[in-house]
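One structure is given below, encoded as structure tokens.
Residue numbers (our numbering), protein chains in the order written: chain A, 82 to 364; chain B, 14 to 301.
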């Protein structure tokens, strides 16, 4: 056995720290909370107001524009009907609004952070371990403080989702910017491009396929979090899965689970198609 | 102000050194012993050694050397794409080594333009936008930008290809875009880093002829780097042979051919001389 007197616990100081933060930064947490809540409620309202058939039309148009394949378009527009058939349409819309909120916040934070990482090795050195931490830390661990800071409900669910889904967009923005060919950058520099112009005219446009791949990955990660997030009040399809688990209702769980997968497939195909359209032409 | 009175020469380089060091330490280039250590070191590479030369206005100055001779580094030093380790560079009165970031940007926009071996075109922009790129950086309005770009697209013979992307053009056509992009800024000095090396022999020949023709009309100073002796002889008013970071000989192409400064240059021009001798012999035998 490991000698008992060598034991040292950090649990107590961490609890104290969380309590201290809770009191000291109350205003900050309230601010974050209300911002996210506003965005979430707005999106939820818009998405709920849309009639079901409009979703099918939107998916159909986007699928055709991005993939130009009849089969893909037909498959993608039939899939949402399955969710409707299961009677899970409203819940799917709730899930969609939670994910959309998380993805929007992730993009707003992630792309600038990715750009900063690519511009400065120092920042990259600081951010990279943080990203590793965010991706490897079991999500239940930050569900608890999220609960304490923001209470029960959709806001902590969105925040937990953001923590989990933010890293890919940051990483792939950074990677995409760093992969822009030196030849092109050198040529642009030789014509008197400033650092900002180089970023705006050359590096970011050429990194867009990679950035969009990051957005795609971020969306997928966000979808993967819906069940876990429903434990602290995320609601939607995730809650349906959770309830089925509690009741050992395999069939209902399957229906809700398949609906999450369908959402994932549709969003994945559409965003991937979008990313392809942004690639510069090659031979 | 770093721009002084108009000098006689377009480019003046004095005692230029460029050393790629493993760390960013200062080197005292007066210290002969330190220099020797530098040469012997495996970690540091001396790319440009104590080079001095001047290029007159409207002259075509060719630097010829094999790969690894430091010629690409030398041309990059002129625009500070590679930071010179020591020495002075004066281009049309601009003290290039002592410009701050803002002045350097202005200098690159106004005084010199460069054509690259690998073209360096923007793959996400079409020909029109690529040619107009330098003007865009200067903040010139879209309408004027495109008008001037169309003019140069026509001059390099790419009319009808304005909306093509670089990936859809052949190497020769891409380099035409590169040349148009450089000349649109009316640069007093045109820097060319092996611009035709990646092209087929026939296309290369054609592009060389066109460059001579363009030079006759726009009368700009050209600093041309190549590894091809024939190309250097065809284009250059004067030619420098570069080896291991040094200029071995600087002279007119004819002088270099007739009177090579050392064995290295002699070996270089050997083939060319035999070729000419053979041709002469054949001419005399057939006429006889």
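Backbone N, C-alpha and C fix where the C-beta goes; we use that ideal spot for every residue, glycine too.
In the three-state DSSP reduction, residue 93/B falls in the coil class, being neither helix nor strand. By DSSP's assignment, residue 25/B forms a beta bridge with 67/B, 103/B.
In this structure residue 283/B is exposed. Its beta-carbon is surrounded by fewer than 16 other beta-carbon atoms within 10 angstroms.
Setting aside the 5 residues that flank it on each side, residue 86/B is surrounded in the same chain by 31, 60, 61, 95, each with a C-beta closer than 7 Å to its C-beta; the list follows chain order. Under the three-pair Cβ rule at 8 Å, the segment 150–159 of chain A does not count as touching the segment 269–289 of chain A. A direct Cα-Cα distance of roughly 8 Å separates residue 155/B from residue 149/B.
Following the DSSP letters along the chain, one finds residue 275/A in no alpha helix (DSSP H), marked with neither H nor E. Excluding its 5 nearest sequence neighbours in each direction, residue 199/A has C-beta neighbours in its own chain below 6 Å: 255, 258, 259, listed in chain order. In the three-state scheme derived from DSSP, where H, G and I count as helix and E and B as strand, residue 209/B is classed as coil. Minimum Cα-Cα distance from residue 342/A among the listed residues 278/A, 322/A, 146/A corresponds to 322/A. Within the DSSP bridge table, the entry for residue 235/B names 73/B, 203/B as partners. Inter-residue distance for residue 155/A and residue 234/A is about 36 Å (C-alpha atoms, whole angstroms). Excluding residues up to 5 positions away in sequence, 148 lie with their Cβ nearer than 8 Å to the Cβ of residue 157/B in the same chain.
Uninterrupted beta strand (DSSP E) stretches at least 3 residues long and entirely within the segment 238–281 of chain B occur at 251–256, 259–264, given in chain order.
Per DSSP, residue 123/B has no beta bridge partner at all.
In the structure shown, residue 60/B falls within a strand segment according to DSSP collapsed to helix, strand and coil. Using a Cβ-Cβ cut-off of 8 Å, residue 273/B does not count as an interface residue toward chain A, since no Cβ of chain A sits closer than that to its own. Rounded to the nearest angstrom, the gap between the Cα atoms of residue 193/B and residue 133/B is 13 Å. Boundaries cannot be given for residue 110/B, as no alpha helix (DSSP H) includes it and DSSP labels it neither H nor E.
Between residue 126/B and residue 23/B, the CB-CB gap reaches or exceeds 8 Å.
Distance check between residue 84/B and each of 278/B, 254/B, 295/B places 254/B closest, using alpha-carbon atoms only. The secondary-structure analysis by DSSP pairs residue 33/B across a beta bridge with 58/B. Under the 10 Å beta carbon count, residue 249/A is surrounded by 16 or more other beta carbons and is classified as buried.
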